[in-house]
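Engineer: Chains A and B, in that order, give the protein sequences.
Counting in my numbering, the first sequence runs from 1 upward without gaps.
Counting in my numbering, the second sequence runs from 1 upward without gaps.
We treat Cβ as the ideally placed atom computed from N, Cα and C, and that holds for glycine.
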Amino acid sequence: MTSVFVPRDSSAVSLGAERVADAIAQEAARRGSELRMVRNGSRGLYWLEPMVEVATDAARVAYGPVQPQDVPGLFDAGFLDGAPHPLRLGITEDLSYLKNQQRLTNARVGITDPVDMNDYLAHEGYRGLQNALTMQPSDIVKEVTDSGLRGRGGAAFPTGIKWNTVLNAQADAKYIVCNADEGDSGTFSDRMIMEGDPFVLIEGMTIAALAVGAGQGYIYLRVEYPNALTILNQAMDAAYQAGYLGKNICGSGKAFDLEVRVGAGAYVCGEETALLESLEGKRGMVRYKPPLPAIVGLFGQPTIVNNVISLASVPSILAQGGAWYRDFGMGRSRGTLPIQLAGNIKRPGLIERAFGITLREILYDYGGGSASGRPIRAVQVGGPLGAFLPESQFDTPLDYEAFAALGAVLGHGGVVAFDDTVDMARMARYAMEFCATESCGKCTPCRIGSTRGVEVLDRIIAAQDRARNLPLLRDLCDTMQAGSLCALGGMTPYPVLSALQHFPEDFGV
Amino acid sequence: MSHSSLDHYQHVVRDIATRHADLPGALLPVLHAIQDELGFVPPDAVPVIAEILSLSRAEVHGVVSFYHHFRTTQPGRSTLRVCRAESCQAMGGTALEQHIKQRLGIDYHATTPDGAVSLEPAYCLGNCACSPAVMVDQAVHGRVTPERFDALLKDMQENAV
């Protein structure tokens, strides 16, 4: 029986994938064609979604973007045999956008049925855990340390060092917390993993639990991702049933329980200490550090807080070794980064590549330039707290240190392109406005500074006494950067000052 | 608000809070369950939750008011969330936002007079590769043009249940 793949990924569904799946099922029934429909994750070629794949004897063949009205024509053309049709894109794996990627973390996304345990196992799933079960905790931590993996949530802190701190902490209870509060605008790779290969996240968290001796894990998921919640819960049920979660993991006698907790629309809860407060049932107020969450974390116990991508990178590291992972990348940025390309771009999507690829390659070789056909004027990398980069910086390699040298950040790997119609003073104002909306209110530079920032920018935009207001804006940014308790207030100056530095003409300078 | 609906709310709130009372960090799960059931967290729920979870009323109120997602008034039959973030802005999101506000005749955090739609801002729906995006209840819609929005609005207005 022919297998047909129609993604259940939120973005594919946002473009009609659900209606396409229904249309295919109905058309098949009408014609008496037998097919097996798999609701996979997205391959991440979003300009081609809804992208339907058919498994032929040779390979999987892709068609897209498919709308319900295209379905009868696809059957007429013989798409179940991979036959030609105007929407036929070719063999999926040969599409250049995919072919030129290095998908380590996203190896299975779009390929497997996200909630089918057998499919996961057939695609090398749980190999990392099987290895970890034969290892001493300190050896698991060493493997992660050796891989050079750094926190993919944005802070880029070495994951192995964090794990080692929790391993060495003495406590009755320890926790593994997955930060799935993917609030950074322009980012969606956490969502793609959770919707496209949730088992890899569950496996990564289980390995983390074995490594540090934790018995309970929580996935803190943002409320904006209801589809991911459904899929995660289905995958967790399957993992419990198969003995990969629960009181006796794979018969090892080790226990690990996992629960999803849903956030409530507060960006600041992506900050790890605010996230812990929220998990404890409180307002998402940022905590003072020290103590580090690795020492005093959830409910006062030693806690690993890692981003989805960090944890989802762990199974392949344990399966193939830290040295293998470390071979990818450049400088101190080891492994791969799932880059999320969005904004005004012709071919937006997910591009997982080793560190070192340049912004220009991402924007033009993959992205194909702007969607509007106008020149790309600015790019924001790393979410709403990331700097804007002008064309003169597009040759910068994606590397934590190279970006830091420019006063920019890679963050969670989001790249948002703007064409030449963008007003950068407006973007700077938006950054301040966002900070004012989302500030937890604990520290003054962020709580008050952001509101004053909006006011100062309004005056600058209205051309009121710019000679006095521009230095005031710089001074305010300096206070926020140096005096805020967390990255929200501390990094809002990045987009503001980079916009001013690189696009002064938009500020009337 | 009639007495019977008030009784119903009290019953739902008490039942949910009691079922979650032993959960570590129960307050957010409790508030979610109440809002999923009733559509909002009635202010009268605060003392009931506080009593059952052994918290102060101030703590419960503080949490309800901190998070954008929780609301204390009845929402419209559909809740429309419009993404205001950068990727959507780069793809005409600001113009779409204006179109939506003008069509609905309301601003953010308000409900249309016919009770059909509550309008809320969102700061990223994770649909950035299909910008601009909006979310109607639990369903995300991508590459939304003013025309596509008008079709969605028609569906929302016909959702008279």
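1) Using a Cβ-Cβ cut-off of less than 8 Å, give me the residues of the segment 7 to 28 of chain B that come near chain A, in sequence order.
2) Is there a C-beta anywhere in chain B that falls below 9 Å from the one on Arg374 (chain A)?
3) Is it right to say Tyr67 (chain B) is buried, meaning 16 or more other beta carbons lie within 10 angstroms of its own, or is it exposed?
4) Just to confirm before moving on: does the CB-CB distance between Gly62 (chain B) and Arg283 (chain A) stay below 9 Å?
5) In chain order, what residues of the same chain lie with their CB nearer than 6 Å to the CB of Ala342 (chain A), ignoring the 5 residues before and after it?
6) Using a Cβ-Cβ cut-off of less than 8 Å, list which residues of the segment 167 to 181 of chain A approach chain B; keep chain order.
7) Do three or more CB pairs link the segment 189 to 204 of chain A to the segment 320 to 334 of chain A at distances below 8 Å?
8) As a quick exercise: from B:Cys83, B:Leu104, B:His109 and B:Pro75, pick the residue whose alpha carbon is nearest that of Ala122 (chain B).
9) Output the distance between the C-alpha atoms of Thr145 (chain A) and Asn164 (chain A), rounded to the nearest integer angstrom.
10) I'd like to know whether the C-beta atoms of Leu245 (chain A) and Ile202 (chain A) end up nearer to each other than 9 Å.
11) Taking 9 Å as the threshold (beta carbon to beta carbon), is Gln98 (chain B) in contact with chain A?
12) Are the Cβ atoms of Gly110 (chain A) and Leu89 (chain A) separated by less than 9 Å?
13) Determine the extent of the alpha helix (DSSP H) in which Thr479 (chain A) is found, giving its start and end residues.
14) Would you give the residue range spanned by the alpha helix (DSSP H) that Thr206 (chain A) belongs to?
15) Please report whether the beta-carbon of Phe70 (chain B) lies at a distance below 9 Å from any beta-carbon of chain A.
16) DSSP three-state label for Phe328 (chain A), please.
17) Based on the DSSP secondary-structure assignment, which residues constitute the bridge partners of Arg150 (chain A)?
18) At the 9 Å Cβ level, is Glu272 (chain A) part of the contact set with chain B, yes or no?
19) Just the Cα atoms here: how many angstroms apart are Asp423 (chain A) and Arg36 (chain A)?
20) What separation, rounded to the nearest whole angstrom, lies between the Cα atoms of Leu470 (chain A) and Leu476 (chain A)?
21) Between which residues of its own chain and Met1 (chain A) is the CB-CB distance below 7 Å, once the five residues before and five after are set aside?
22) Measuring straight from C-alpha to C-alpha, what distance separates Cys178 (chain A) and Phe75 (chain A)?
23) Residue range of the beta strand (DSSP E) that Cys83 (chain B) falls in?
24) Give the residues from the segment 223 to 250 of chain A that approach chain B closer than 9 Å (Cβ to any Cβ), ordered along the chain.
25) At a CB-CB cut-off below 8 Å, which residues of chain B make contact with Gln464 (chain A)?
26) Does Thr444 (chain A) come out as helix, strand or coil in the three-state DSSP assignment?
27) Is there a Cβ of chain A sitting closer than 9 Å to that of Gly115 (chain B), yes or no?
28) Can you list, in chain order, the residues of the segment 126 to 149 of chain B whose Cβ is nearer than 8 Å to any Cβ on chain A?
29) Just the C-alpha distance for Leu167 (chain A) and Thr206 (chain A), rounded to the nearest angstrom, thanks.
30) Taking 9 Å as the CB-CB cut-off, is Glu37 (chain B) touching chain A?
31) Would Tyr46 (chain A) be called buried (16 or more neighbouring beta carbons within 10 Å of its own) or exposed?
32) Where does Asp249 (chain A) sit, in a helix, a strand or coil, going by DSSP?
33) Going by DSSP, name the residue or residues bridged to Met135 (chain B).
34) Which bits of chain B does Gln510 (chain A) rub up against, with CB to CB less than 9 Å?
35) Below 6 Å CB to CB, which residues in the same chain sit around Gly125 (chain A) once its five sequence neighbours on both sides are set aside?
36) Name the residues in the segment 79 to 105 of chain A whose C-beta lies less than 8 Å from a C-beta of chain B; which are they?
Structural biologist: Taking the structure as given:
1) Pro24, Gly25, Ala26, Leu27 and Leu28
2) no
3) buried
4) yes
5) Gly186, Pro348 and Val416
6) none
7) no
8) B:Cys83
9) 9 Å
10) yes
11) no
12) no
13) Arg466 to Gly483
14) Pro198 to Val212
15) yes
16) coil
17) A:Pro158
18) no
19) 49 Å
20) 10 Å
21) Glu34, Leu35 and Arg36
22) 43 Å
23) Ser78 to Cys83
24) Val223, Glu224, Tyr225, Pro226, Asn227 and Ala228
25) Per Cβ cutoff of 8 Å: no residues; Gln464 (chain A) is ~23 Å from chain B at best.
26) helix
27) no
28) Gly126, Asn127, Cys128, Ala129, Cys130, Ser131, Ala133, Met135, Gln138, Ala139, Val140, His141, Gly142 and Arg143
29) 14 Å
30) no
31) buried
32) Before going further, note that residue 249 (chain A) is Ile rather than Asp in the sequence given. Ile249 (chain A) falls in the helix class under three-state DSSP.
33) B:Arg81 and B:Val140
34) Residue 510 (chain A) is absent from the model: chain A starts at 1 and stops at 509.
35) Phe199
36) none
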